[in-house]
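Heads up: the sequence lines are chains A and B, in that order. Residue numbers for the first sequence follow the numbering used here, beginning at 13 and rising by one. Residue numbers for the second sequence follow the numbering used here, beginning at 601 and rising by one. Heads up: the structure comes next, in structure tokens.
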Amino acid sequence: MFYRKLMALSLAAVATTSMAAGRDTISVVGSSTVYPFSTVVAERFGKATDFATPKIESTGTGGGMKLFCAGVGVDTPDMSNASRRIKASELKMCKENGVDEVVEVLVGYDGIVFSNAIEAPNISISLQDIFLALAKEIPNPDGSETLIENPYMKWNEINPSLPDMNISVYGPPPTSGTRDAFAELGLEGGCKAYGWIKDLKKKDKNRYKSICHSVREDGAYIETGENDNLIVQKLTTNPKAFGIFGFSFLDQNSDTLQGSKVNGAYPTFEDIADGTYPISRPLYFYVKKAHVGKVPGIMEYLEEFTSEDAIGDEGYTTDKGLIPLSSDKLEEMRKSVMSLQSVSL
Amino acid sequence: MTKAVNESLPTSAVTEKIKLSLTKRHRSEMMFKSTGLAAVVLGFILVFVLLFDITSKALPAFHQHWVQLEVDFSEDNLRYSEGISLEDLRYRSTLRKAIANQFPDVKSRRDKRKLYGLYSTNAEFAIKDFLIANPNTLDTIQNIWVRVDDDVDIYLKETTSLGEPLVRVDVKEAQWIKSLVETGRIDKRFNIEFFTSSDSREPELAGVRGALTGTMLTMLVTLALSFPLGVAAALYLEEFAPKNKWTDMIEVNINNLAAVPSIIFGLLGLAVIINIFGLPRSAPLVGGIVLTLMTLPTIIIASRASIKAVPPSIREAATGLGASKIQTTFSHVLPMAMPGILTGTIIGMAQALGETAPLLMIGMVAFIVDVPASITDASTVMPVQIFLWADSPERGFLAKTSAAILVLLGFLFLMNASAAYLRRRFESK
């Protein structure tokens, strides 16, 4: 009878379950920003070699580090992608769990763009303007060292050279790595321009952070979830709005979107690479040294990832929007990675 | 007015009252009927709009443009000499030579790079696979069809005037594409690879096979665990368990369990199944167990309702003829309750089919290229694949996302159809 068969089948399924003792697939976790690049490398690696294609999970930088540092052994990941450098606290957590040696790989840079639809006016904006437009509280315009609720509703109230449009910016939510980087490089960059706030950094770090990183909540800044494609779609239908997202999305949608000039530089490949464009961040991944030789293919994967073909000036990850390292830096980085030097902060 | 009526016909006041309210009652009945009809029609329109939207967006994904390349497999080009394996030859430079031969006028480094970009990055592996499959073609010139890049594919599908720049294709590239089309080297084919290949970061190569296999394995595990467990639990609670405050409490708890957000089950899966029992991450086995926890309450509740609905006379008749309790249950009650149980199962399974949240915690939201061969291999499922593609910057994935939704809907339809078939068989018995 039908249900008897099913019952037998389910018993058989439970009985034949054997635990996988070894693992022959490299397991990678971590940042969703590095994910598009490491997947390309992984796919090519799987095709060009006899090793299995690495498995790559997009868990976010912090979540990835937690899994990565949970211990040594085949049930923990071999590598973790990160859209920022590993924190001292994370390294400590790793050491406590027996992950003594961690190899750092710097793969390249990512720019965060301030963008709007191509039929809307192209603007040139400074980090200070961005801070004044999006911060929750801003320094009192009368020059005293006090803060007021952000009063600006239009761009040209901040800076007369900006257009007469309502401030309306689509951007990532606080859980996103892009938001962290934007707060750190974009907002804080403009915030630091005020001397007295800058002095706070040494005296009262928490207060400094809360002034510089808090984003207004009165509707001018619209959180749009982790999906950058959604922001792209919103911008094309609403030419009066701006959006904040990763450079690769601007690169892929250059027919409908334009990047704004920030501090005098357009978000172009060259200007992000040499640091002229102010909002860019390094991308890393970390490798567990103890797993080299235990899980097959790790050295070969590292070799592929650090090759000129992959992340060099004309490498295939640059087609996906990764901003490459300079060739000297790449050479240096490759040497230290291939000799498996462990990171120390 | 009512007063006047009351005066003229004092005896039949009640009848009159009814007569007066009759129009009102008819009207409210009409209102109710038309509201119900409007709700049904609205529902149909919404479903239709949804399907139409998805289908129209998905259509481009089912075709793919190919380009013909004249590849010179000379030993010189490939740097072949006796004893070298065909795996290790210089395929990339051979491919680049073949592409450059198609456009002898392109000289500058920058332009050449653009030109190579018109061909799928997979072309290198395509010519490699061709040579390995046909080793006797070494030292000959072969015409090989390879895929075009996803940007070119979109251009060819969307352009109205060939040779004009559009989307991510600029004037130069558009002219090159035009010359390829005019010499008949471009061909549009049905994209069978969408069903036979797995995930890829290149939209022109990406397919659903890996995710579909993962979904089937996960659903199989879920069904194999939740159906027998759910039915057994329901039978015990309805037929055998004494009615006391313990069984009451169990009932309340099962009902509550059905309302728990699914991500909680994912956390449980991570903490217990992976961390304590040490089952592998990202495996359909773990996914199936987590989804079982989620579907189990649905199946138990539906099964209990359907077992309760079997008339007591059936049980009494069986007992009267000398059947034992267990004989009565398995040969009379269960077959009669089966149609309802199957309905509950299919609702639970359909819910599980669309879940991504709990799978996030157990590592099934991942980039996995190899097709899973068993329930302990790493794999993803269809809804996860849809989510990952929808999140990708490449425009080619837009159509793929919709196409994957259609495949998922198709799978759901098949699942429902088989349940309907089984239900009919049980009902006719």
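Yeah, the Cβ is synthetic: ideal placement off N, Cα and C, and Gly gets one too. Fair warning: this is a prediction, and the values are worked out from it, not measured in the lab.
- In this structure, the beta-carbon distance from serine 354/A to glutamate 55/A does not fall below 8 Å.
- Distance check between tyrosine 836/B and each of Lys772/B, Ala858/B, Ile901/B, Pro880/B places Ile901/B closest, using alpha-carbon atoms only.
- The DSSP-derived three-state label of glycine 258/A is strand.
- DSSP places phenylalanine 194/A in the helix class (H, G or I) of the three-state scheme.
- If you ignore the 5 residues before and after valine 965/B, its C-beta comes within less than 8 Å of the C-beta of Thr956, Leu959, Thr980, Val984, Phe987, Leu988, all in its own chain and listed in chain order.
- Excluding the 5 residues flanking it on each side, proline 184/A has same chain C-beta neighbours closer than 6 Å at Thr190, Arg191, in chain order.
- Within the DSSP bridge table, the entry for methionine 91/A names Val40/A, Val299/A as partners.
- The beta-carbon distance between tyrosine 755/B and leucine 766/B, rounded to whole angstroms, is 6 Å. This is short enough to meet the 8 Å contact definition.
- According to the DSSP assignment, histidine 225/A belongs to the alpha helix (DSSP H) that extends over 217 to 225.
- Distances from the CA of proline 279/A to each of Glu161/A, Ser292/A, His303/A were compared; the closest alpha carbon is that of Ser292/A.
- Three or more Cβ pairs closer than 8 Å define a contact, and the region 115 to 132 of chain A falls short of that threshold against the region 208 to 226 of chain A.
- Secondary structure note for asparagine 128/A: its beta strand (DSSP E) is the uninterrupted segment 114 to 129.
- For glycine 183/A, the secondary structure class from DSSP, reduced to helix, strand or coil, is strand.
- Across the region 64 to 88 of chain A, CB contacts with chain B closer than 7 Å involve Ala64, Thr65, Lys67, Ile68, Glu69, Ser70, Asp87, in sequence order along the chain.
- Looking at the DSSP output, proline 861/B shares a beta bridge with no other residue.
- Excluding its 5 nearest sequence neighbours in each direction, valine 53/A has C-beta neighbours in its own chain below 7 Å: Glu316, Phe317, Ala322, Thr329, listed in chain order.
- Arginine 747/B sits in a strand when the DSSP states are folded into three classes.
- Taken in chain order, the whole alpha helix (DSSP H) runs of length 4 or more contained in the region 953 to 1024 of chain B are 957 to 961, 982 to 990.
- Sequence-distant Cβ neighbours of lysine 204/A in its own chain, meaning closer than 7 Å and more than five residues away, are Lys210.
- Close to chain A, meaning a Cβ-Cβ distance shorter than 7 Å, are the following residues of the region 808 to 831 of chain B: Val821, Ala824, Leu825, Phe827, Pro828, Val831.
- In the three-state reduction of the DSSP assignment, glutamine 270/A falls in the strand class, which pools E and B.
- Pairwise C-beta distances place the region 846 to 854 of chain B out of contact with the region 932 to 946 of chain B, as fewer than three of them are shorter than 8 Å.
- The beta carbon of asparagine 275/A does not come within 8 Å of any beta carbon belonging to chain B, so the residue lies off that interface.
- For histidine 626/B, no pairing in a beta bridge is given by DSSP.
- Scanning chain A for C-beta atoms nearer than 9 Å to the C-beta of arginine 995/B yields Gln264, Asn265, reported in chain order.
- Closer than 8 Å to the CB of asparagine 109/A there is not a single CB belonging to chain B.
- In this chain, phenylalanine 673/B is not harboured by any alpha helix (DSSP H), its DSSP state being neither H nor E.
- Per DSSP, proline 828/B lies in no beta strand (DSSP E); the unbroken alpha helix (DSSP H) holding it starts and ends at 809 to 835.
- Within the region 623 to 654 of chain B, no residue has its Cβ closer than 9 Å to any Cβ of chain A.
- Going by DSSP, isoleucine 150/A is part of the beta strand (DSSP E) stretching over 149 to 151.
- Only residues of its own chain outside the window of five on either side were considered, and among them Arg219, Tyr220, Ile223 have a CB closer than 8 Å to the CB of leucine 212/A, listed in chain order.
- The beta carbons of isoleucine 335/A and isoleucine 124/A sit no closer together than 8 Å.
- Judged by DSSP in its simplified three-state form, proline 294/A adopts strand.
- Along the region 959 to 970 of chain B, going in chain order, the ones with a CB nearer than 8 Å to a CB of chain A are Gly963, Val965, Ala966, Phe967, Ile968, Val969, Asp970.
- Taking 8 Å as the CB threshold, proline 48/A lines the interface with chain B.
- Rounded to whole angstroms, the gap between the alpha carbons of arginine 690/B and asparagine 677/B is 7 Å.
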